[in-house]
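Note that this note's numbering has the sequence shown beginning at 78, numbered continuously upward.
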Amino acid sequence: MAIGKGSETIWQAAAGYADVEKQRSNTPDTAFGIGSITKVFIAVLLLQLCEEGQLPLDAPVSRWLDAKRLAGIANAQRATTRQLLSHYAGMRSWEDEPAWIADARGQRLTPEKTWRPAESLDYIRDKPARFVPGAAFHYSNTHFTLLGLLIETIAQSKLEAVLYQRIFQPLALQHTFLEGYSPADSRKIARRYHRLDPDFLRNAGLSPHMKPISGGLIDVSASNLSVEWAAGGILSTAQDLMTFMLALRNGRLLCAQSMREMQRWLPADNDKMGLSLFNIDSAWGTASGHGGNVLGFSACAWWYEKADCTLTILTNVGSMHATPQADSASRFFRQSDAGRLAQAICARHHR
78 MAIGKGSETI WQAAAGYADV EKQRSNTPDT AFGIGSITKV FIAVLLLQLC EEGQLPLDAP
138 VSRWLDAKRL AGIANAQRAT TRQLLSHYAG MRSWEDEPAW IADARGQRLT PEKTWRPAES
198 LDYIRDKPAR FVPGAAFHYS NTHFTLLGLL IETIAQSKLE AVLYQRIFQP LALQHTFLEG
258 YSPADSRKIA RRYHRLDPDF LRNAGLSPHM KPISGGLIDV SASNLSVEWA AGGILSTAQD
318 LMTFMLALRN GRLLCAQSMR EMQRWLPADN DKMGLSLFNI DSAWGTASGH GGNVLGFSAC
378 AWWYEKADCT LTILTNVGSM HATPQADSAS RFFRQSDAGR LAQAICARHH R
């Protein structure tokens with residue numbers, strides 16, 4: 078967990094185990110999956126391309142993407158970059174497909190498999206859309222697989238290279254990478270644990286490569302986040318993620334106009350949504366950011382709109398497909414005193 082004010086991290090701490098069996102503790106350098114916070118990184122790349130005149134937000138992405146890649150994906154010919162970024166493109170999410178859940182997170186999980194970037198799209202081909210583009214909000218990982226392909230097409234480079242050149246390297250993010258596509262020190266990655274309950278068994282099933290441990294958890298470390306790719310494949314530390322969030326908030330990554338576009342809020346179920354950025358009303362004030370929940374990890378990163386205070390929380394426990402509940406990191410943010418304490422620390426900090 079880290080707390081930031083201005084342009085710096087003013088407090089960070091680590092607790093719990095990176096490896097329960099070996100009693101290896103988490104440290105500030107332990108890397109965790111950030112899940113769908115990856116989408117904020119993707120939005121930054123696309124808005125940078127827009128600033129450079131390489132991509133209009135309101136043009137259909139089919140103008141650039143290979144027709145074979147889009148074949149059978151409902152709405153793919155009409156959806157714009159803006160609609161994909163805001164989850165207003167109406168596409169099905171491969172994350173909701175039973176076959177994908179079993180293959181990627183459940184009973185048919187293949188250990189150490191590196192998924193191809195567009196492989197998950199095959200699970201939603203020739204299936205109907207949720208609704209026409211622009212009609213309503215529907216959160217879909219499919220949107221971000223297409224946006225990752227769009228970045229690669231326009232930049233003429235692999236997504237991991239674009240992330241490194243435009244974000245990781247300029248911000249000196251030493252412990253942040255796209256899993257399955259970038260070299261990493263596996264010794265610094267937390268083992269992955271996931272909630273095991275009847276709902277998870279029914280929705281995903283238990284792979285022979287998942288090991289039950291104490292506390293109603295299973296060890297799912299045989300998996301990796303290549304299956305999520307542009308929708309949720311980044312691993313990072315609380316400090317690195319804080320550096321990114323502060324740089325975004327403070328205008329180091331995007332111009333003022335791009336930030337206004339990013340924060341043009343639309344209805345999103347019980348919250349509001351911009352371009353890959355949520356806006357929520359929490360117990361301690363309105364906050365902007367994103368959460369993440371994948372197999373073995375949960376995370377959140379938020380800044381308060383009316384306070385100079387940013388908070389990042391990373392955990393190595395996931396809860397997708399288990400009993401409906403907020404994941405560990407988001408539950409802690411929304412329901413605990415974390416926001417109040419973080420703002421109190423920021424208020425007392427003097428440079």
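Heads up, the beta-carbon is just placed ideally off N, CA and C, and yes, glycines get one too.
- Counting along the chain, the unbroken beta strand (DSSP E) around M350 starts and ends at 348-350.
- The C-beta of T320 has 16 or more other C-beta atoms within 10 Å across all chains shown, which makes the residue buried.
- In the same chain as G328, and ignoring 5 residues on each side of it, the C-beta atoms closer than 8 angstroms to its own belong to M336, in chain order.
- Counting along the chain, R272 sits inside the beta strand (DSSP E) bounded by residues 270-272.
- For H398, the CB contacts under 8 angstroms within the same chain, skipping 5 residues up- and downstream, are I178, R182, G183, D276, F277, N280, A281 in chain order.
- The C-alpha of E189 is placed about 32 angstroms away from the C-alpha of P205.
- Look at the beta carbons and you see the region 104-112 not touching the region 190-203: under three pairs across the two are nearer than 8 angstroms.
- Here S84 is exposed: its Cβ has fewer than 16 other Cβ atoms, across all protein chains shown, within 10 Å.
- Your pair L388 and A360 does not check out as a contact, with CB atoms roughly 13 angstroms apart and the cut at 8 angstroms.
- A contact is defined here as three or more CB-CB pairs under 8 angstroms, and the region 129-136 meets this definition with respect to the region 157-177.
- Separation of the CB atoms of L224 and I80 is rounded to 30 angstroms, and the pair is thereby denied contact status at 8 angstroms.
- R269 is the residue among R269, R411, W379 whose C-alpha sits nearest the C-alpha of N301.
- About 5 angstroms separates the beta carbon of R207 from that of G167, a gap short enough to meet the 8 angstroms contact definition.
- The bridge partners DSSP lists for K190 come to none.
- Listed in chain order, the non-local C-beta contacts of G211 below 7 angstroms within the same chain comprise Q160, Y165, local neighbours out to five positions each way being set aside.
- Closest by C-alpha distance to I290, out of K99, A232, A176, is K99.
- The Cβ-Cβ distance between V239 and L122 falls below 8 angstroms.
- Comparing alpha-carbon positions, the option among K383, N370, G293, L126 lying closest to N218 turns out to be N370.
- Between D262 and S313, the alpha-carbon positions lie close to 12 angstroms from each other.
- An exposed status is given to K383, since fewer than 16 other beta-carbon atoms sit within 10 Å of its beta-carbon.
- DSSP places T389 in the strand class (E or B) of the three-state scheme.
- Within the region 212-247, the runs of alpha helix (DSSP H) at least 4 residues long that lie entirely inside it are, in chain order, 218-232, 236-240.
- If the five residues before and after W141 are omitted, its C-beta is found closer than 7 angstroms to the C-beta atoms of L227, T230, I231, all from its own chain and listed in chain order.
- S359 is bridged by DSSP to G362.
- Distances from the CA of R411 to each of A364, C386, K265 were compared; the closest alpha carbon is that of A364.
- The three-state reading of DSSP puts R101 in strand, counting E and B together.
- In the three-state reduction of the DSSP assignment, G293 falls in the coil class, being assigned neither a helical nor a strand state.
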